[in-house]
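Structure, as structure tokens:
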Amino acid sequence: MKVSLNDLVKKFPASDSIAVNHVSLEINDGELMVFLGPSGCGKTTTMRMIAGLEMPDSGQIKIGERDVTFLAPKDRRVAMVFQNFSMYPSMTVFENIAFPLQVLKLSKAEIQQQVNDAAAIVGIGHLLKRSFRQVSGGEAQRVALARAMVRRPEVFLMDEPLSSLDAKLRVQLRTEIKRLHQETRSTIVFVTHDQEEAMSLGDKIVVMSKGEIQQMGTPQDVFFKPDNVFVANFVGTPSMNIFDATIQRADGGLCVDLGGLTQPVPAHFPSVSAGQAVKWGVRPEAIKFSAAPSASAVPGQVELIESLGSRQEVFVRAAGKLFSVILDALLPVRIGQSAHLRFEPDSIHLFDAQSGLSLASKPQPKNS
Amino acid sequence: MRKPIYQPLLIYALLIFLALLVVIPLAAGALTAFKPQIIWISSPPTWNFVPTLENFEFVLIQRQNLLHLRNSLIVSTGSVTMALILGIPAAYALARFRFRGSKGLLQWLISLRMIPPIVVGLPFYVLFQTFDLRNNHFGLMLAYLTFLIPLVIWMMRGYFVEIPSAMEECAMVEGYTRLQALRKVVLPVIAPGIVATALLNFIFAWNEFFLALILGGRETSTLPVAAGTYVGRARVEWGNLFAINLIIMVPVIILTIFLRRQLTKGLALGLVD
Amino acid sequence: MSTFSQLRFWFYRLTQKYTHWFFIAPALLTLLLVAIYPIVFSTGLSFFRVTFDSLQRPFVGLENFVYILTDDDYLKVFANTLLYVAVTVTGSFVLGFGVALLLRQITLGRNWLRVILIIPMTMAPMAVGLTWNWMLDPLFGLVNWFFTTVGLPIQTWLAQTATARAVVMLVDIWQWYPLVLLIMDAGLAALPRAPYEAARLEGASWWMIFRRITLPMLRPVILVALLLRTVDAFRTFDIVRVMTDGGPNLTTETLSLFLYRTAFNFNKLSRAGAGATIMLIVISIISALMFRYLYREVEQR
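Residue numbers (our numbering), protein chains in the order written: chain Y, 1 to 368; chain D, 369 to 641; chain P, 642 to 942.
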């Protein structure tokens, strides 16, 4: 079912500081929408308002065509999976999954049937008789998923459901959630601070900071066309190389002066003017690295190398600045060797230094 | 760093000495409760006797202490039950909701524990005379609520804080009201905490002396008040006195051994955490 | 939207916004009735002349306060109580903290020793007083029996000015050092291990570790223990009532006992009320100061 948030505002009750500041967005039916942001950015509060666990100070929430803004959580036909809670410890796995069905006044046989089905889908059919103490953390989180599924909710809400699991299990469950979503085409809102999780799961990603939406779009949009410095910085590991710069006049055209380094202004920034203070950015993956000098390449020296497994992050000091560059792990690189960096105009980002907004015109640069 | 060999021995010697300071008076007193009357006052005390229950029989039946035991049980259970019913919801709210003034309210509630009994005892005495609540079980229970409710809130809040709020929120999303969620999901988990709180509060109510002394009367005085009547007599009936003493102390000592882990929580946690 | 569902919305909104008050109100109202109203009543009482036989209460202003603050006996008892607080709080704190530290040095039998040591704290003060009355009895008590066995003279411990005060304080410490022990033991158990391991690697002495690591980290817990003990010692009634009833010659009389007597033996209800009000003010100031210090301490961490 479609979910629409219209101008939601929420203040923290004890301090009056703003948790969610005029948030409006639409989640389409069958979409997996990820709320991404650092802790305290308002993503969880927004989700809790959709669930009915918090009441907005103003604004409206609709699920489908129903206005649920002030409806009790139990009447919203949503299901939620929590970060730090998975199973009711006083009940067995079966009783846990049956718990949401008990209010619906179904017959014993029906409950049995639905619990079995849901348990089979998440792969815990053999654990039904176990108690809380007898299941692992990953299994308990599957119980939570099954419990969310049995009610056939109109919207699934998932509040960092994987963050308490260890890395391997997290990836495995993430894949299963993705598969589940593709099979059922249900509407899912997924909150996380882990941008890799957001990238791999989301049909769309909403990046939030300080209670406000910074950008909403597909994972590609958010990664390749960040709307502002915050998104550029927050999305992607290692994060984008960003340096302060000014626009200068240079033989007939404009160029970006990074201080000791001058770069051309790419064509997709037609609105910049001379003297403007900007931030100049390039992703570590987009930098062309070569040991041999070439025209228009910036010479430098390798200062530090960190292995990332199949890739390596190489720090190059060039024109007095430290650039992070991602290279294939098999490429032989030594500390101290000379390096030459080339920046493709298409992969350059410019942001206004004051507002932090991207200066790119639409359409924006293609994949680097 | 090597410790000298005698150090643990010294530690044990000191601790055992302190333990004996507890065990000897209690054991000697307990034995006296089983001594026949003729050797109560033998000097030095003699330990060679045939144990008898005649002291207990005498104080419980002849001296009407069966009635006082009943009073103690009624007042303690009654006041603790009331304190739990009133205090647990408040503890829950103070653990879960952050609202303007919630921190100050909690501190204020905790500080009520500091009121000296004389400050409330006097007005209670006057007011209870007006409202005919003196010498009345219910009146004494009310008076006990002044210190029992803060204690319940103090302890139970600690237990609620340990339970993730997502537990009842999850149940609320899954089709239950908050009260249903609390009953079906939180109550089973928090039950041991309620038991510990109830028992510790019972100890406090059971031991209370001052308010029972001024607010109780002939029919409602509790065991500590009854034991107090032995004080200052020219010829103290030690055997009888220790029989009462033992009836007061034994349940508490059993509870203490049973509750030793939760004890700290009830006494200090509200401030330490 | 229909009017009915609109009403339902508003009702739900209201109950949601004030849920916490529905939970807190019963306890809060009860406490207003059984704690705050009596305090106000008692304070009010102290501005009138009230006895148990005449409740018609002529207003006398500050007369009761003036009387009680110039009463030699009251001042003497106030001084007594302060001394009592100072000695028993210090004594129970030093002993309780010391034993808590010692208990952490051993493993064998630790839990049983701890349970035995905390028993006095959970006993009715009434029962504690009676037990020690008997222990200290000049004729049949174990203490004097022990004294005669080792050749010392028999003492009438509770009847002599010289010993009564010390003995009552010792019994108070005996009953209440377990509280400090329990709190400090929990505090010590909650300390992180890493600073100790680091300090040991750096070769710090036992005393340095204690002064520089243990004490600073324990400060909030120490404050709690001191606060609870101070407030409790200030209102001592039961033990003194049972052991000496304030005698001999008021040397062991505490404020609570004195005010009790003023009200119930001498029928000066409002004078006792004035005394109780002063006592409440003093306790409030002490605990407010300690509370404030404590919370500043906790927030700084």
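Don't be surprised by glycine CBs; every beta carbon is placed ideally from N, CA and C. Quick caveat, the model's predicted, so the values are computed rather than measured.
- Taking the Cα of residue 83 (chain Y) as reference, the smallest distance to any Cα among Y:162, Y:7, Y:359 and Y:135 is reached at Y:162.
- Residue range 187–192 is occupied by the beta strand (DSSP E) that includes residue 187 (chain Y), with no alpha helix (DSSP H) assigned at that position.
- By the rule that beta-carbons nearer than 8 angstroms mark a contact, residue 55 (chain Y) touches chain P.
- In this structure, residue 77 (chain Y) keeps its C-beta atom at 8 angstroms or more from the C-beta atom of residue 26 (chain Y).
- Annotation for residue 121 (chain Y): the continuous alpha helix (DSSP H) segment containing it runs 108–121.
- Counting the other CB atoms within 10 Å of its CB gives residue 688 (chain P) a total of 16 or more, which places it among the buried residues.
- Beta-bridge partners assigned by DSSP to residue 147 (chain Y): none are found.
- Put simply, of D:462, D:432, D:428 and D:383 the residue whose alpha carbon is nearest the alpha carbon of residue 753 (chain P) is D:383.
- 8 angstroms or more divides the Cβ of residue 309 (chain Y) from the Cβ of residue 286 (chain Y).
- Cβ neighbours of residue 93 (chain Y) within its own chain (closer than 6 angstroms, five residues either side excluded): 127, 128, 130 and 143.
- Exclusion of the five residues before and after residue 776 (chain P) leaves 782, 783 and 784 as the residues of its chain whose Cβ lies within less than 8 angstroms of its Cβ.
- Note that the C-beta distance between residue 70 (chain Y) and residue 49 (chain Y) is not below 8 angstroms.
- Near chain Y, meaning a CB-to-CB distance below 8 angstroms, the residues of the region 530–547 of chain D are 532, 534, 535, 537, 538, 539, 540, 541, 542, 543, 544 and 545.
- Selection Y:9, Y:1, Y:86 and Y:275 evaluated against residue 539 (chain D) yields Y:86 as nearest (Cα-Cα).
- Residues are counted here when their Cβ sits less than 8 angstroms from a Cβ of chain P; for the region 551–568 of chain D the count is zero.
- The Cβ of residue 653 (chain P) sits closer than 8 angstroms to at least one Cβ of chain Y.
- At a beta-carbon threshold of 7 angstroms, the residues of chain D lying near residue 80 (chain Y) are 538 and 541, ordered along the chain.
- For residue 657 (chain P), at least one C-beta of chain Y is nearer than 8 angstroms to its own C-beta.
- Assignment of residue 597 (chain D) by DSSP, reduced to helix, strand and coil, places it in the coil class.
- When the Cα atoms are used, residue 608 (chain D) and residue 884 (chain P) turn out to be separated by approximately 18 angstroms.
- Residue contact with chain D for residue 647 (chain P): absent (no Cβ-Cβ distance below 8 angstroms to any residue of chain D).
- If only complete runs of 3 or more residues are kept, the region 292–337 of chain Y shows the beta strand (DSSP E) at 298–307, 311–318 and 321–328, in order along the chain.
- Take the alpha-carbon of residue 43 (chain Y) and the one of residue 151 (chain Y): they are about 24 angstroms apart.
- Apart from sequence neighbours up to five positions away, no residue of its chain approaches residue 376 (chain D) with a beta-carbon distance below 6 angstroms.
- For residue 879 (chain P), the uninterrupted alpha helix (DSSP H) run begins and ends at 879–884, by DSSP.
- Selection D:490, D:374 and D:480 evaluated against residue 582 (chain D) yields D:490 as nearest (Cα-Cα).
- In the structure shown, residue 205 (chain Y) adopts extended strand secondary structure according to DSSP, grouped into three states.
- In chain order, 427, 591, 594, 612 and 615 place their CB closer than 8 angstroms to the CB of residue 433 (chain D), counting only its own chain and leaving out the 5 sequence neighbours on each side.
- Within 10 angstroms of the beta-carbon of residue 471 (chain D) lie fewer than 16 other beta-carbons, which makes it exposed.
- If the five residues before and after residue 139 (chain Y) are omitted, its C-beta is found closer than 7 angstroms to the C-beta atoms of 124 and 127, all from its own chain and listed in chain order.
- For the alpha helix (DSSP H) assignment, the uninterrupted runs of no fewer than 4 residues enclosed by the region 876–939 of chain P are, from N- to C-terminal side, 879–884 and 896–905.
- Counted as a single uninterrupted DSSP element, the beta strand (DSSP E) harbouring residue 18 (chain Y) occupies residues 18–27.
- Of all residues in the region 458–474 of chain D, only 458, 460, 461, 462, 464, 465, 467, 470 and 473 place a beta-carbon less than 8 angstroms from a beta-carbon of chain P.
- For residue 546 (chain D), the secondary structure class from DSSP, reduced to helix, strand or coil, is helix.
- The criterion of a C-beta distance shorter than 8 angstroms is not satisfied by residue 390 (chain D) and residue 799 (chain P).
- Assignment of residue 277 (chain Y) by DSSP, reduced to helix, strand and coil, places it in the strand class.
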